[in-house]
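I have placed the structure first, in the form of structure tokens, so that the comments after it can refer back to it.
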Amino acid sequence: MERARPLTLLLASVLAAGGLAALTPAAQAADAELARNGGFEAGLEGWTCTAGSGAVVSSPVHSGTKALQATPAGSDNARCSQTVTVKPNSTYTLSGWVRGSYVYLGAAGTGTTDVSTWTGSAPDWQKLSTGFTTGASTTSVTIYTHGWYGTPAYQADDLSLYGPGGDPVQLPAAPTGLAAGSPTSTSVPLTWTAVPGATSYKVYKGGAAVATVTGTSYTATGLAPATSHTFQISAVNSAGESAKSAAVTATTTSGGGGNPGLPAHALVGYLHASFANGSGYTRMADVPDSWDVINLAFGEPTSVTSGDIRFSLCPATECPNVESVTDFKAAIKAKQAAGKKVLISIGGQNGQVQLSTTAARDAFVSSVSKIIDEYGLDGLDIDFEGHSLSLQTGDTDFRSPTSPVIVNLIQAVKTLKAKYGSGFVLTMAPETFFVQLGYQYYGSGPWGGQDPRAGAYLPVIHALRDDLTLLHVQDYNSGSIMGLDNQYHSMGGADFHIAMTDMLLTGFPVAGNTDRFFPALRADQVAIGLPASTQAGNGHTTPAEVNKALNCLTRKTDCGTYRTHGTWPALRGLMTWSINWDRYNQWEFSRNFDTYFGNAAAWS
């Protein structure tokens, strides 16, 4: 019998066979620097800052030649972040150098306890450090820095995340299964098969990227009727973008177009029909032929939440020259015989409407139908202001709203559209706070604390865009609004109207989130809203400045410092508050419109 070998010989043979790993714990990934471009020497590459709040500066810097500078504005805390690949059940150290007041550094999505640290005051560079352990299934975390609301700009430099690197991310494969659903006259729905490892998808139309989405479906909107469009999809993750999918082509239907019976360039005005103010009462029969769409102001609810809308002519005690109901109806028919559209406008400054229940929704449909039928009107204008529309906490995606006042309004309008058919005229007159402000803020925001009304019209416009005849945002009574150039624009001159209208015709990421892109409207769906005189509202714009705005948007001349993203000769026209105030101001607004668009004969 063979004798047993000595232990030393046994160990030697194990080592020779490379078997030591079987006798020791599994090797750990080496710790490494995981933050990309933490010194901002490559600009903002790898970093995303909310609402365009971040920039790279050459002074002050902690080291190197560049540093981050981010500026909180309004309800935005100037959060700059990046997502980093990590390993599960691993420990990491997060650090960075900051300057300014109330500057935060933190990590989210750790799978255990998210962490942050901050300084209340750092007049010179101060180091912040914290750490965390990832959860059992965590493969990525988001590191971030931000300031605080209403504080000056802060600086950050040399941000670091140190720990075991995650498994390398592989470039995703090109998507397959791209298919087009049933097109409408203005939209094409797309679906495709999910790609393993993809975190988002880019949608291409005619070879140009038009949207980024996280799901496997997208609806291209704002398309012209009876036109063909070619689409492709690519998959994206932190490793980059895949090749594009095979192309699919779809043709929109020939119906609709969204503008039943309107001229190529239309003038829209509000007629004070139910009240008087300093402008005086104007009878329907006395409205000049220049006005293509006449919105009767206003239908108002019996209570804020009833949904029961009522309309009646101004009482004779308030408006001594008011016509009879019979004469009013006859004048409406005469306007319609001349090709004009007459709508009931719901809301206004004093008419708060909150369709918070399905009962209110149904009452809205019933009562608005009665008004339309009684006066023989062509459709509906939605002029919800104040606190009529707001988004509940957690309602963060304009494409799939959950707030009852939003959902019920959309359903009510769709019901009215279905009842009255393709000839039904639908217009909207939101304030900039409810539309363009959505580029920076949407609802109460991902962390709460914002005004829940911010951008609240966006889900309504988006859901009804195929039914929408005209959107004429009120470019007046507005605070300064950030445009697509990430600069603030103020009322009163051509620049404001150019920037605000460019946003509607180009589209924009909502609250800075490129995965939630509000698609452009068609040019023939958009008119610019202005006050008719200095008495009509803040932000009056002189005829010369109005014409500059029209020149820029339709001809790309007189644009000033703002550069539009296109040229839109099919821009539908102008809206004003109001016909009454224009009459008070010797018809300056409508005369200028007619002169600009070659309709001066209307005044001969």
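Count along the sequence shown from 1, then add 1305; that gives the number in the numbering used here. Cβ atoms here follow ideal geometry from the backbone N, Cα and C, with glycine treated the same way. Keep in mind it's a predicted model, so treat the numbers as computed, not measured.
Given residue i as reference, the closest of the options once Cα atoms are compared
i, options, result
"Ser1708", "Ala1723, Gln1659, Val1778, Tyr1725", "Gln1659"
"Glu1690", "Asn1655, His1367, Phe1633", "Asn1655"
"Arg1341", "Ser1364, Thr1370, Val1362, Gln1387", "Gln1387"
"Leu1618", "Ala1642, Ala1581, Thr1607", "Ala1581"
"Thr1355", "Asp1829, Tyr1867, Gly1865, Val1815", "Val1815"
"Pro1625", "Asp1772, Thr1587, Gly1728", "Thr1587"
"Gly1865", "Gly1798, Ser1629, Gly1416", "Gly1798"
"Ser1693", "Tyr1781, Pro1469, Pro1757, Ser1363", "Pro1757"
"Tyr1793", "Leu1773, Ser1749, Gln1741", "Gln1741"
"Gly1699", "Leu1714, Phe1739, Tyr1744, Gly1753", "Gly1753"
"Ala1636", "Leu1682, Glu1605, Gly1612", "Leu1682"
"Thr1774", "Phe1801, Asp1807, Asp1829", "Asp1829"
"Trp1453", "Pro1469, Ser1426, Tyr1467, Ala1347", "Ser1426"
"Gln1755", "Asn1382, Val1647, Glu1346", "Asn1382"
"Asp1807", "Asp1462, Gly1871, Arg1860", "Gly1871"
"Gly1743", "Pro1824, Ala1621, Ser1584", "Pro1824"
"Phe1822", "Val1362, Val1515, Ser1584", "Val1515"
"Trp1882", "Ser1895, Gly1748, Ser1695", "Ser1895"
"Ser1695", "Thr1663, Thr1418, Phe1738", "Phe1738"
"Gly1812", "Gly1684, Gly1750, Leu1789, Gly1585", "Leu1789"
"Gly1728", "Glu1346, Pro1620, Pro1377, Leu1685", "Leu1685"
"Ser1364", "Glu1346, Gly1566, Thr1862", "Glu1346"
Under 8 Å between C-beta atoms of residue i and residue j
i, j, result
"Phe1603", "Gly1653", "yes"
"Ser1533", "Thr1554", "yes"
"Thr1447", "Tyr1409", "no"
"Leu1776", "Val1831", "yes"
"Trp1497", "Pro1480", "yes"
"Phe1536", "Lys1510", "yes"
"Ala1412", "Val1420", "yes"
"Gly1649", "Ile1676", "Checking the displayed sequence, the identity of residue 1649 turns out to be Ile instead of Gly. For Ile1649 and Ile1676, yes; Cβs fall inside 8 Å."
"Ala1665", "Thr1701", "no"
"Tyr1746", "Ala1761", "no"
"Pro1848", "Glu1893", "yes"
"Val1765", "Thr1720", "no"
"Gly1401", "Ser1505", "no"
"Asp1820", "Thr1521", "no"
"Thr1396", "Gly1468", "yes"
"Asp1594", "Ala1642", "no"
"Gly1357", "Gly1750", "no"
"Val1996", "Ile1884", "Because the chain is modelled from 1306 through 1909, residue 1996 falls outside the range shown and cannot be assessed."
"Pro1529", "Thr1558", "Correcting the residue type first, residue 1529 is Ala in the shown sequence and not Pro. Against a cut-off of 8 Å, the Cβ pair of Thr1558 and Ala1529 comes out as no contact."
"Asn1782", "Gly1844", "yes"
Extent of the continuous alpha helix (DSSP H) to which residue i belongs
i, result
"Tyr1889", "1884-1889"
"His1570", "Here His1570 belongs to no alpha helix (DSSP H), and DSSP marks it neither H nor E."
"Val1718", "1709-1725"
"Pro1764", "1763-1768"
"Leu1373", "No alpha helix (DSSP H) holds Leu1373; the beta strand (DSSP E) holding it covers 1372-1375."
"Arg1534", "One detail in the question is off: residue 1534 reads as His in this sequence, not Arg. That residue, His1534, is in no alpha helix (DSSP H); its beta strand (DSSP E) goes 1533-1542."
"Cys1857", "1848-1860"
"Ala1458", "Neither: Ala1458 is in no alpha helix (DSSP H) and is coded neither H nor E."
"Gln1641", "1630-1642"
"Ala1804", "1799-1811"
"Val1778", "That residue, Val1778, is in no alpha helix (DSSP H); it is neither H nor E in DSSP."
N- and C-terminal bounds of the beta strand (DSSP E) containing residue i
i, result
"Glu1346", "Looking at the DSSP string, Glu1346 is not in any beta strand (DSSP E), and its letter there is neither H nor E."
"Arg1821", "1818-1823"
"Arg1404", "1396-1405"
"Lys1510", "1505-1510"
"Val1740", "Premise fails: Val1740 is in no beta strand (DSSP E) and is neither H nor E."
"Tyr1449", "1445-1451"
"Phe1437", "1427-1438"
"Thr1646", "The question names Thr, but residue 1646 is Lys in the sequence shown. Segment 1646-1652, the beta strand (DSSP E) holding Lys1646."
"Asn1600", "1598-1606"
Supposed contact pair residue j and residue i - C-beta distance, whole angstroms, cut 8 Å
i, j, result
"Val1474", "Ala1548", "Incorrect: roughly 17 Å between the Cβ atoms, too far for contact."
"Ala1571", "Arg1888", "Not really, about 19 Å apart at Cβ, beyond 8 Å."
"Thr1439", "Thr1390", "With a Cβ gap of about 11 Å, Thr1439 and Thr1390 do not count as contacting."
"Trp1596", "Lys1645", "7 Å"
"Leu1763", "Ile1833", "That belief does not hold up - the Cβ atoms of Leu1763 and Ile1833 are roughly 19 Å apart, past 8 Å."
"Ile1651", "Val1673", "7 Å"
"Ala1458", "Gln1374", "5 Å"
"Cys1385", "Trp1423", "Rounded, the Cβ-Cβ distance is 15 Å, inconsistent with contact."
"Val1366", "Asp1462", "6 Å"
Residue i beta carbon near the ligand ADP (any heavy atom closer than 7 Å)
i, result
"Cys1864", "Here there are no bound small molecules, and the ligand ADP is not part of this structure."
Below-8 Å beta-carbon distance, residue i vs any chain C residue
i, result
"Gly1348", "Checking the listed chains, one finds no chain C in this structure; it contains a single protein chain."
Would you call the segment 1493-1500 in contact with the segment 1512-1530, where contact means no fewer than 3 C-beta pairs closer than 8 Å? yes
Taking contact to mean at least 3 C-beta pairs separated by less than 8 Å, is the segment 1732-1739 in contact with the segment 1844-1861? no
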